[in-house]
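Inspection log for the structure reproduced underneath, given as structure tokens.
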Ligand SMILES: Cc1cc2nc3c(=O)[nH]c(=O)nc-3n(C[C@H](O)[C@H](O)[C@H](O)COP(=O)(O)OP(=O)(O)OC[C@H]3O[C@@H](n4cnc5c(N)ncnc54)[C@H](O)[C@@H]3O)c2cc1C
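Below you can see the structure in the form of structure tokens.
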């Protein structure tokens, strides 16, 4: 590895692979380094049998390296392993719904690379005050009668939140970034039911519980840049989807294309520092799988480690002080991301194929900054390959702030509330559960899409003060829901390195 590369990319997560894909396609010699044994980063898939064979300590370590810990398990994780309860399941790291069923930035990148990754779509529903409401496929389908009546009564077009995005200028979009979802909807004049539905969509999009902190502009920009073109193209626009065979297949497909285009991907390599001289990057220093230290030279280095951790690789003194303090002030969002392995499905068929959201599983109070929301899917109804025949996999996520995520007592309260809620919603649920795992992630999205951090308020992909250093990943300048945002940032980063736009930003 002593040839000089055009670009060395630290991290084979979605941000790193997106940048590597574009740069390789454009003829740049790229090296991607990752300390893990597979590409994907936080968009990780694990075969359940791998947990059975490698054991609970291995599983806990994998979670730990991806900013997660196992908050609880029923039965205990040792029994889950020894009884091989996870065999036949594919577990994405937590819940890994793909925005716009893969037609967002994911779709732009794969189309650009000329590869296909299968994503099965799903639409959404709302569960509010004990009632279930179906939301139609965006732009098509019939609204639930009760939502329709509420819209008629208040003179609101249900999708006006999104269609109002049409024709907004970049300046208007940037101004809306600092408007909260709450204030935006108050101005629209929505009633309680429509508000709960919008609020849940906003939380789904940003993983922020508090609607006073959700950036309306971030959602509106995504509607303008991504959703409108899909509707205009005549393709069905689904809110979400699941990568067939697990989200890891997306990264595996992009990684294979990078290698086919001549890029190198080295796994099990930990980068220790970015080598710099005279205000320019020269390459990276890393620890190889053998334990030896090595260096590789490059004209440019892309860091996809969460940007708050940059100063572990490059001394803070190499950057302008203002940048350092801004980066240190950025906050992310965590999430409890439980799985349930079921032997029977107590969830009605009409709901089983939907991504269902509810505004409150645990009420706000002293412990939580806002009501704790949950969304859930029978993932195996959308992608049957993720559960063994005759079994079902339910995945869910409940956003928590970073501070709440680290507080074991607060997390335990949410862990207790989830099965109780599901039992109330679907009587008999508890009896159908073979096993349940509760990974708690404190960095689901590295920079929360809040009114002080979203969109153009995120750090730019080109590092200030150090020529040749770039950022990508969900903490750098990119748009859309988490994985899509990481992909978008990778595209933006590649465009900055190439010095021109690509038409897929
Ligand atoms: C439990 C959970 C559930 C989620 N659910 C969803 C969801 O439903 N929908 C959605 O869109 N997003 C979801 N996300 C978020 C999504 O996974 C992330 O936003 C996205 O994968 C981030 O990609 P990235 O490339 O920015 O970072 P990462 O995936 O973190 O990639 C960074 C890579 O850098 C590597 N690395 C770090 N330091 C070094 C080093 N020193 N040397 C070498 N390699 C290094 C890491 O191993 C990693 O592979 C979820 C995340 C979690 C954890």
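Numbering (my numbering), first residue to last: 19 to 523. Every residue gets a Cβ at the ideal spot worked out from N, C-alpha and C, and that includes glycine.
By Cβ distance below 7 Å, which residues in the same chain neighbour residue i in space, the five residues on each side in sequence not counted?
i	result
residue 349	420, 466
residue 346	326
residue 495	476, 477, 478, 479, 507, 510
residue 443	145
residue 81	87, 88, 457
residue 240	497, 498
Can you tell me which of the three DSSP states residue i falls into?
i	result
residue 413	strand
residue 476	coil
residue 19	Below a pLDDT of 50, predicted positions are generally treated as unreliable, and residue 19, at 46, falls in that range; the measurement from the model is reported next regardless. If DSSP states are grouped into helix, strand and coil, residue 19 belongs with coil.
residue 354	strand
residue 384	coil
residue 160	coil
residue 120	helix
residue 467	coil
residue 133	coil
residue 191	helix
residue 170	helix
residue 522	coil
residue 447	helix
residue 365	coil
residue 308	coil
residue 328	helix
Just to confirm before moving on: does the CB-CB distance between residue i and residue j stay below 8 Å?
i	j	result
residue 122	residue 498	yes
residue 144	residue 134	no
residue 206	residue 238	no
residue 411	residue 359	yes
residue 390	residue 373	no
residue 265	residue 75	no
residue 259	residue 395	no
residue 297	residue 485	yes
residue 217	residue 356	no
residue 235	residue 189	no
residue 279	residue 43	yes
residue 460	residue 98	no
residue 512	residue 41	yes
residue 269	residue 57	yes
residue 393	residue 222	yes
residue 388	residue 228	yes
residue 468	residue 249	no
residue 414	residue 380	no
Residues in the same chain with beta-carbon distance under 6 Å from residue i, minus the five sequence neighbours each way, listed in chain order, please.
i	result
residue 126	522
residue 67	105
residue 505	32, 36, 123, 124, 127
residue 92	454
residue 183	238, 241, 242
residue 90	433, 456
Determine the extent of the beta strand (DSSP E) in which residue i is found, giving its start and end residues.
i	result
residue 288	288 to 295
residue 395	390 to 396
residue 260	258 to 261
residue 404	Taken as a continuous stretch (DSSP letters only), residue 404 belongs to no beta strand (DSSP E), as it is neither H nor E.
residue 246	Note, residue 246: premise wrong, no beta strand (DSSP E); alpha helix (DSSP H) at 246 to 251.
residue 321	311 to 321
residue 151	149 to 152
residue 90	86 to 92
residue 284	282 to 285
residue 488	487 to 489
residue 109	108 to 110
residue 143	142 to 146
Mind checking which residues open and close the alpha helix (DSSP H) that includes residue i?
i	result
residue 224	210 to 224
residue 512	500 to 516
residue 177	No alpha helix (DSSP H) contains residue 177, which DSSP labels as neither H nor E.
residue 432	426 to 443
residue 49	Residue 49 -> not in any alpha helix (DSSP H); beta strand (DSSP E) instead, spanning 48 to 52.
residue 32	32 to 43
residue 1	Outside the displayed span of the chain (19 to 523) sits residue 1, for which this structure offers no information.
residue 238	234 to 240
residue 269	266 to 278
residue 200	199 to 206
residue 71	66 to 83
residue 341	339 to 347
residue 4	The requested residue 4 does not occur in the structure, where the chain is confined to residues 19 to 523.
Counting only beta-carbon atoms, is residue i nearer than 8 Å to chain B?
i	result
residue 469	Absent here is chain B; the protein component of the structure consists of one chain.
* Asked: Does the region 289 to 296 come close enough to the region 419 to 433 that 3 or more CB-CB pairs lie under 8 Å?
  -> no
* Should the region 314 to 321 be called in touch with the region 19 to 35, which here means at least 3 C-beta pairs below 8 Å? -> yes
* Any contact of the region 42 to 49 with the region 324 to 341, i.e. 3+ C-beta pairs under 8 Å? -> no
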